[in-house]
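>
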């Protein structure tokens with residue numbers, strides 16, 4: 002027998018599985034920005050007759066191009082030639098006859114087109130023969146290779162190279178003759194051969210990495226089993242969208258609950274979590290056994306065509322496209338902020354719970370970020386064995402499905418005919434669309450908010466408080482969104498409700514949720530103090546960007562909203578206006594939250610989106626006879642245009658090719674222990690891609706304001722004493738910009754360079770400088 006529930010479970014499994022599998026083909030059909038980088042691979046720091054340098058040319062997404070390579074010695078041209086660049090990295094060696102130069106320091110500039118790198122070297126009468134370095138491997142533990150290099154020649158800037166299974170892993174540049182390294186490696190499951198090379202010296206060690214014992218098929222079955230337990234044991238009597246939205250929310254809440262317990266004792270690992278999860282589901286099934294009911298909706302195959310509406314087809318195609326196909330057409334899924342959340346999950350998994358410190362952020366700081374999303378994603382990783390972008394794809398799809406069902410369940414409280422279009426409308430907002438495709442943490446938090454509001458309208462105090470509590474463990478500002486939106490929705494649902502009652506209604510569940518949150522965070526508050534932000538006027542929560550930028554968040558949804566308002570005016574002049582009390586409440590809420598978004602905090606974009614979408618749905622309901630499938634067809638056309646624009650705009654939302662090329666260089670041509678001073682805007686992506694300690698990033702909660710200020714101070718004032726203060730080895734900066742604000746940063750008149758350092762990397766956007774040892 003075919004039922005709606007069985008069809009949904011099969012659909013969940015297929016879409017979740019496909020999204021994870023297809024992620025390996027992400028970006029295949031995207032337009033990718035071309036980039037060419039030039040970097041210093043090696044050079045003579047001391048030379049007598051001839052000074053040589055070897056440069057790396059690193060193309061990204063190039064076909065064939067010609068570039069002029071020029072070298073200047075003390076501002077005089079010494080070399081000029083044309084190099085052919087294809088899509089493969091290449092090395093070019095440059096040598097200078099320095100017999101006629103006086104002894105002392107000399108300056109070399111190397112250009113590839115308009116890209117410039119530079120360094121200094123010392124001319125001496127005679128240079129000593131280079132010593133042969135010694136390599137002593139200490140061992141490998143937790144994927145970390147520990148070894149010593151002795152007698153490394155200091156007359157050259159040259160690498161110690163690490164290879165894993167014959168493939169290049171990393172090049173390290175010793176800053177002293179004798180140095181110890183501890184480098185995190187990327188190992189394959191099973192046996193690995195690790196080799197270290199430096200000049201003619203060589204060392205080798207074998208390393209074994211245990212393969213993941215989880216399986217994606219089994220993991221998805223476990224996930225769906227949890228949803229089934231809640232759907233058929235705990236919420237069997239509810240309407241289907243409400244039942245599944247609550248079941249999704251309950252399973253994710255269970256992930257967080259088990260994660261908090263197991264993480265507290267440092268046992269958040271596959272065996273402990275899987276066992277705890279199964280026991281919890283068994284206990285829930287036993288406790289709620291008397292409620293058990295399949296309560297399935299039978300689908301007559303012969304009548305299935307009559308049950309499929311045009312709206313349903315549009316919704317299915319739109320959300321399946323988002324889950325499976327959209328990632329194929331955008332250049333990257335990395336933004337300058339979402340990688341912070343993915344790295345948080347990595348830390349939780351590596352530590353089997355909350356780590357005490359984040360070793361990379363602010364050169365090491367207490368781990369203080371709320372862990373709800375990390376435990377959800379970590380639980381899925383443990384169940385399925387996925388990691389990296391496959392896991393991220395699964396989270397995006399899970400967040401999208403959860404938001405789809407939650408939005409429909411909430412819309413059913415207010416709408417009749419336009420219910421299925423409500424999730425389409427909220428997804429037309431630029432901000433929510435970015436949640437669905439790039440930031441699953443936010444889409445999951447938004448879905449929790451909507452089911453909390455639904456439970457508030459049903460007067461389910463304790464269920465409401467529980468969902469709010471777990472929502473706050475994912476994203477704290479949810480309680481503010483709940484408090485501001487609940488009164489409007491209650492006035493909308495209860496025609497006779499007073500303003501006072503509507504204001505008081507959300508307080509009880511909110512207070513209970515806040516008490517639970519405070520209990521969980523009592524230890525954090527004890528050690529770290531009450532929450533605070535550094536530079537709140539620049540990077541804090543309460544930042545309004547004004548009307549121009551604020552209206553970009555609703556995006557196409559705002560255009561549709563403006564058209565709907567104009568239609569209302571048109572119907573007014575024709576004497577056909579049906580301006581109900583519900584529309585008045587919604588219109589007031591729309592403008593109120595748009596104003597808050599413009600002048601108080603951009604984070605209110607979630608609520609302006611929610612109420613604009615509800616207003617449009619009410620408009621359709623009130624003029625239902627005037628609308629036909631033609632409106633839905635026009636909406637579908639608008640969605641196609643919107644998706645096309647989203648693919649184009651993704652070039653600006655995500656980390657560019659030039660930035661990714663720079664972070665990859667940092668990952669492969671520096672040591673894990675070398676500190677980086679970066680423009681804080683790029684801090685998170687450096688920590689994620691290169692896994693290097695960064696002086697400051699934009700995780701400003703509980704942050705060290707002095708370090709953040711010093712990072713900007715160095716970029717603006719070039720105070721080299723700060724490099725010694727924080728033991729900085731590398732500086733990562735944008736060539737013509739310092740990102741001091743969210744928007745309206747002015748371009749620099751002159752390229753930002755640091756002449757007292759060696760400029761070892763540059764491309765169209767990013768430069769990397771290195772502090773050289775004397």
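Numbering (our numbering), first residue to last: 2 to 775.
Where is the CB? At the ideal position from N, CA and C, for every residue including glycine.
Source: prediction; values computed, not measured.
#1: What does the Cβ neighbour count give for residue 278, buried or exposed, with the cut at 16 atoms within 10 Å?
#2: If I measure Cβ to Cβ from residue 771 and keep anything under 7 Å in the same chain, skipping five residues before and after, which residues do I get?
#3: To test your reading of the DSSP string, which unbroken beta strand (DSSP E) runs of 3 or more residues are found completely within the segment 33-110?
#4: For my contact list, residue 453 and residue 468 are in at a C-beta cut-off of 8 Å; report their separation, rounded to the angstrom.
#5: Could you spell out where the beta strand (DSSP E) holding residue 197 opens and where it closes?
#6: State the Cα-Cα distance for the pair residue 748 and residue 716, rounded to the nearest angstrom.
#7: What does DSSP give as the partner residues of residue 385 in its beta bridges?
#8: Which of helix, strand or coil does DSSP assign to residue 4?
#9: Just mark residue 527 as buried or exposed, buried being the case when its beta carbon has 16 or more other beta carbons within 10 Å.
#10: Indicate whether the contact test is met: 3 or more Cβ pairs, each with one atom in the segment 391-409 and one in the segment 490-498, closer than 8 Å.
#11: Out of curiosity, what's the CA-to-CA distance linking residue 565 and residue 613?
#12: Evaluate the contact criterion for the segment 529-543 versus the segment 659-678: three or more CB pairs, one atom per stretch, below 8 Å.
#13: Are the segment 85-92 and the segment 64-74 in contact at 8 Å, needing three or more beta carbon pairs?
#14: I'd like to check one pair, residue 108 with residue 97: are the Cβ atoms closer than 8 Å?
#15: Could you tell me if the beta carbon of residue 433 falls within a distance shorter than 7 Å of some heavy atom in the ligand NAP?
#16: Tell me which same chain residues have a C-beta within less than 7 Å of the C-beta of residue 765, skipping the five on either side of it?
#17: Please name the residue or residues paired with residue 121 in a DSSP beta bridge.
#18: What residues in its chain sit with their C-beta under 8 Å from that of residue 356, if we drop five residues either side in the sequence?
#19: Below 8 Å on the Cβ atoms is my guess for residue 507 versus residue 33; work out the distance and round it to an integer in Å.
#20: For residue 48, which residues of its own chain have a beta-carbon under 7 Å away from its beta-carbon, when the five flanking residues on both sides are left out?
#21: When the distance is taken between beta carbons, is residue 139 closer than 8 Å to residue 153?
#22: Can you name, in chain order, every residue of its own chain whose Cβ lies under 8 Å from the Cβ of residue 792, other than the five neighbours on each side?
#23: Does DSSP put residue 499 in a helix, a strand or coil?
#24: Pairs of beta-carbons, one from the segment 470-488 and one from the segment 554-569, closer than 8 Å: are there three or more?
#25: If residue 699 sits next to residue 682, beta carbons under 8 Å apart, how far is it from one beta carbon to the other, in whole angstroms?
#26: Between 437, 540, 418, 608, which has its C-alpha nearest residue 483's C-alpha?
#27: Please classify residue 308: is it buried, with 16 or more other beta-carbons within 10 angstroms of its beta-carbon, or exposed?
#28: Leaving out five residues before and five after residue 235 in sequence, what residues of the same chain have Cβ atoms less than 6 Å from its Cβ?
#29: Near residue 273, which residues of its chain fall below 8 Å by C-beta distance, leaving aside the five closest residues on each side in sequence?
#30: To the nearest angstrom, how far is it from the Cα of residue 94 to the Cα of residue 696?
#31: Just the C-alpha distance for residue 145 and residue 113, rounded to the nearest angstrom, thanks.
#32: Taking Cβ to Cβ, would you say residue 13 is nearer than 8 Å to residue 225?
#33: Considering only residues of the same chain and omitting the five flanking positions on each side of residue 688, which have a CB-CB separation below 7 Å?
#34: Taking the DSSP output, what are the residues bridged to residue 534?
#35: State the Cα-Cα distance for the pair residue 518 and residue 512, rounded to the nearest angstrom.
#36: Thinking C-beta only, is residue 246 closer than 8 Å to residue 444?
Walking through what the data contain:
#1: It counts as buried.
#2: The residues are 730, 731, 758, 759, 761.
#3: 36-45, 51-61, 66-74, 77-86, 91-98
#4: Between the beta-carbon of residue 453 and that of residue 468 there is about 5 Å, and that keeps the pair under the 8 Å contact cut.
#5: 191-199
#6: Between residue 748 and residue 716, the C-alpha separation is close to 14 Å.
#7: Answer is none; residue 385 lacks a bridge partner.
#8: strand
#9: exposed
#10: These segments do not touch.
#11: Cα to Cα, residue 565 sits roughly 10 Å from residue 613.
#12: no
#13: In this structure the segment 85-92 touches the segment 64-74; the number of beta carbon pairs closer than 8 Å is three or more.
#14: no
#15: This structure lacks the ligand NAP, and indeed carries no ligand of any kind.
#16: 36, 659
#17: 108
#18: 348, 349, 368
#19: The beta carbons of residue 507 and residue 33 sit about 47 Å from each other, so the pair does not count as a contact at 8 Å.
#20: 99, 122, 124, 128
#21: No. Outside cutoff.
#22: Nothing can be reported for residue 792, as the shown portion of the chain is limited to 2 through 775.
#23: coil
#24: no
#25: 6 Å
#26: 608
#27: exposed
#28: 289
#29: 263
#30: 34 Å
#31: 36 Å
#32: yes
#33: 344, 361, 362, 695, 698
#34: Beta-bridge partners of residue 534 (DSSP): 702.
#35: 10 Å
#36: Result no, Cβ atoms of residue 444 and residue 246 do not sit closer than 8 Å.
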